[in-house]
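Participant:
Protein chains: 2
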Amino acid sequence: MKKVEELIKLFKSKDLKITPQRLGIFKVLEGNATHPSAESIYNEIRQVYPTISFTTVYKTLEVLESLGEILKITIDAGRKYFDPNTIPHHHIICSQCNMIADVNEGLEELKLPNEILDKFTPSRYDISFYGTCKQCA
Amino acid sequence: MKKVEELIKLFKSKDLKITPQRLGIFKVLEGNATHPSAESIYNEIRQVYPTISFTTVYKTLEVLESLGEILKITIDAGRKYFDPNTIPHHHIICSQCNMIADVNEGLEELKLPNEILDKFTPSRYDISFYGTCKQCA
DNA sequence: CTGTGTGCAAAACGTTTGCATGCCT
DNA sequence: AGGCATGCAAACGTTTTGCACACAG
Numbered sequence: 003m004k005k006v007e008e009l010i011k012l013f014k015s016k017d018l019k020i021t022p023q024r025l026g027i028f029k030v031l032e033g034n035a036t037h038p039s040a041e042s043i044y045n046e047i048r049q050v051y052p053t054i055s056f057t058t059v060y061k062t063l064e065v066l067e068s069l070g071e072i073l074k075i076t077i078d079a080g081r082k083y084f085d086p087n088t089i090p091h092h093h094i095i096c097s098q099c100n101m102i103a104d105v106n107e108g109l110e111e112l113k114l115p116n117e118i119l120d121k122f123t124p125s126r127y128d129i130s131f132y133g134t135c136k137q138c139a
Numbered sequence: 003m004k005k006v007e008e009l010i011k012l013f014k015s016k017d018l019k020i021t022p023q024r025l026g027i028f029k030v031l032e033g034n035a036t037h038p039s040a041e042s043i044y045n046e047i048r049q050v051y052p053t054i055s056f057t058t059v060y061k062t063l064e065v066l067e068s069l070g071e072i073l074k075i076t077i078d079a080g081r082k083y084f085d086p087n088t089i090p091h092h093h094i095i096c097s098q099c100n101m102i103a104d105v106n107e108g109l110e111e112l113k114l115p116n117e118i119l120d121k122f123t124p125s126r127y128d129i130s131f132y133g134t135c136k137q138c139a
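Quick mapping for you: the protein sequence lines, in order, are chains P and H.
If you read the first sequence in the numbering used here, its first letter stands for residue 3, the second for the next number, and so on.
If you read the second sequence in the numbering used here, its first letter stands for residue 3, the second for the next number, and so on.
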């Protein structure tokens with residue numbers, strides 16, 4: 003995701019309005035590597051903007067996603083997580099506390115077997131590592 | 003997942019009852035590589051056992067999962083999929099029709115960077131490839 | 001006969017939508 | 001002033017739960 007300043011320019015250039023709610027969401031997401039859910043974003047913003055609604059959070063996340071500024075990540079069924087880091091990367095999830103950390107390097111390009119390449123044209127892949135984090139060990 | 007015959011023995015050995023409903027679910031899952039959702043399992047069984055309920059499907063899937071006979075797989079938030087193939091493997095998902103196919107081979111062991119190994123003890127990983135299948139291309 | 005399994009209905013959960021009002025530009 | 005954004009409440013799709021009845025062992 004771009005920096006807040008750039009994001010404001012981007013929104014204005016697309017005739018999207020800058021509201022205090024949206025600004026709050028931008029700030030929560032900027033540089034956020036915790037992979038927050040809609041609920042945790044909502045809870046965080048409510049501390050500075052107590053009247054914001056879930057609807058606004060969801061709608062703004064939708065706008066940001068459609069602009070390619072954030073990604074939805076699927077770690078567990080039943081809840082969506084959002085990632086402002088749009089550079090391709092992978093994740094490791096603690097099986098105890100569900101903390102999600104980024105995995106950015108050390109991964110060579112994967113080659114799929116011909117059996118698969120006969121039936122699919124792959125475009126990208128996500129790896130989810132599971133394990134136990136230091137705190138939980 | 004074990005074969006139905008073995009599954010029956012396993013259930014009996016744990017004092018779990020064999021009912022026609024459970025048997026129907028076993029049969030739908032046996033050798034099933036389509037990664038069905040609870041709903042598609044339910045629809046399939048209803049053709050031979052029209053009075054079965056969603057509740058029973060979910061509860062039986064829960065029992066099978068707790069016995070380690072099936073795995074829940076997370077492909078999209080909002081719906082759970084079940085996989086009777088409990089041997090570690092990966093998946094490729096068609097972005098158009100959402101078909102899910104297994105990826106069993108051609109993948110070397112992945113090494114994580116030290117930056118991650120300092121903070122986590124990894125136990126396993128799942129790769130989700132995304133692409134377009136032949137039919138949709 | 002006993003207790004686990006079933007199935008209905010309702011609740012729970014996260015997310016989405018319709019609509020009237022608000023406010024950014 | 002105009003139109004997009006907000007926020008309430010209700011709808012939604014999926015999964016879970018409480019409870020009375022049924023049936024496998």
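Built from N, CA and C at the ideal position, the CB exists for glycine as well.
Because the structure is a prediction, the values reported are computed rather than measured.
1. Along the region 115 to 136 of chain P, what residues have a CB closer than 7 Å to any CB found in chain H?
2. How about Lys136 (chain P) and Lys121 (chain H): do their beta carbons lie closer than 9 Å?
3. Starting from Ile118 (chain H), trace the beta strand (DSSP E) both ways and give me its first and last residue.
4. Terminal residues of the continuous beta strand (DSSP E) containing Thr134 (chain P)?
5. I'd like to know if the region 48 to 55 of chain P and the region 40 to 49 of chain H are in contact, where contact means that at least 3 CB-CB pairs between them fall below 8 Å.
6. Can you give me the Cβ contacts of Leu9 (chain P) inside the same chain, cut-off strictly under 6 Å, excluding the 5 residues immediately before and after it?
7. Keeping to the same chain, check which residues put their C-beta closer than 6 Å to that of Pro86 (chain H); ignore five residues upstream and five downstream.
8. In chain order, which alpha helix (DSSP H) runs of at least 4 residues are fully inside the region 43 to 99 of chain P?
9. Pull up the DSSP beta-bridge partners for Ile102 (chain H), would you.
10. Can you tell me the Cβ-Cβ gap for Ile129 (chain H) and Ile129 (chain P), rounded? I've got them flagged as a contact below 8 Å.
11. Is there a C-beta anywhere in chain P that falls below 9 Å from the one on Cys96 (chain H)?
12. Using a Cβ-Cβ cut-off of less than 7 Å, list which residues of the region 16 to 44 of chain H approach chain P; keep chain order.
13. Can you tell me where the alpha helix (DSSP H) holding Ile20 (chain P) begins and where it ends?
14. How many Å lie between Thr21 (chain H) and Glu67 (chain H) at the Cα?
15. Of the choices P:Asn100, P:Cys96 and P:Pro38, whose alpha-carbon is the least far from that of Lys74 (chain P)?
16. So, Arg126 (chain H) versus Ala79 (chain P), is the Cβ gap smaller than 9 Å?
17. Residues of chain P with CB closer than 9 Å to the CB of Ile77 (chain H), please, in chain order.
18. So does the region 97 to 108 of chain H actually touch the region 93 to 102 of chain P, counting three or more Cβ pairs closer than 8 Å?
19. Note down, in chain order, each residue of its chain lying with its Cβ closer than 8 Å to the Cβ of Val105 (chain H), except the 5 sequence neighbours on either side.
20. Flag Val105 (chain H) as yes if its beta-carbon sits less than 9 Å from any beta-carbon of chain P, otherwise no.
Facilitator: So, from the data block:
1. Pro115, Ile118, Lys121, Phe122, Thr123, Pro124, Ser125, Arg126, Tyr127, Asp128, Ile129, Ser130, Phe131, Tyr132, Gly133, Thr134, Cys135 and Lys136
2. As a position in the first sequence, residue 136 (chain P) is number 134, starting the count at 1. As a position in the second sequence, residue 121 (chain H) is number 119, starting the count at 1. Yes; because the gap between Cβ atoms is below 9 Å, this pair is in contact.
3. On the second sequence, residue 118 (chain H) is found 116 positions in, with the first residue counted as 1. Not the beta strand (DSSP E): Ile118 (chain H) falls in the alpha helix (DSSP H), residues Asn116 to Leu119.
4. Along the first sequence, read from residue 1 onward, the residue named residue 134 (chain P) stands at position 132. Where Thr134 (chain P) is concerned, the enclosing beta strand (DSSP E) stretches over Phe122 to Cys135.
5. no
6. Here residue 9 (chain P) refers to the residue found at position 7 when the first sequence is read from its first residue. Around Leu9 (chain P): Phe28.
7. Counted from its first residue, the second sequence places residue 86 (chain H) at position 84. Hits under 6 Å: Met3, Leu31, Asn34 and Ile72.
8. 56 to 68
9. Residue numbering aside, residue 102 (chain H) sits at position 100 when the second sequence is read from its first letter. DSSP lists H:Ile95 as partners of Ile102 (chain H).
10. Translated into the one-based positions of the second sequence, residue 129 (chain H) becomes position 127. Translated into the one-based positions of the first sequence, residue 129 (chain P) becomes position 127. Indeed, because the Cβ distance is near 5 Å, the residues count as touching under 8 Å.
11. For the purposes of this step, residue 96 (chain H) is identified with residue 94 of the second sequence, where counting begins at 1. Yes - at least one Cβ of chain P is within 9 Å of the one on Cys96 (chain H).
12. none
13. The residue given as residue 20 (chain P) occupies position 18 in the first sequence. No alpha helix (DSSP H) contains Ile20 (chain P), which DSSP labels as neither H nor E.
14. Looking up residue 21 (chain H) in the second sequence gives position 19. Looking up residue 67 (chain H) in the second sequence gives position 65. Each residue's Cα considered, the two are about 18 Å apart.
15. To locate residue 74 (chain P), count along the first sequence from 1; it is residue 72. Of the candidates P:Asn100, P:Cys96 and P:Pro38, the one whose C-alpha sits nearest the C-alpha of Lys74 (chain P) is P:Pro38.
16. Working through the second sequence from its first residue, we reach residue 126 (chain H) at position 124. Working through the first sequence from its first residue, we reach residue 79 (chain P) at position 77. For Arg126 (chain H) and Ala79 (chain P), no; Cβs fall outside 9 Å.
17. For this step, residue 77 (chain H) is matched to residue 75 along the second sequence. By Cβ distance, chain P contributes Thr76 and Ala79.
18. no
19. Position 103 of the second sequence holds residue 105 (chain H). Contacts found: His91, His92, His93, Ile94, Ile129 and Phe131.
20. If you number the second sequence from 1, residue 105 (chain H) lands on position 103. Yes, because at least one Cβ of chain P sits closer than 9 Å to the Cβ of Val105 (chain H).
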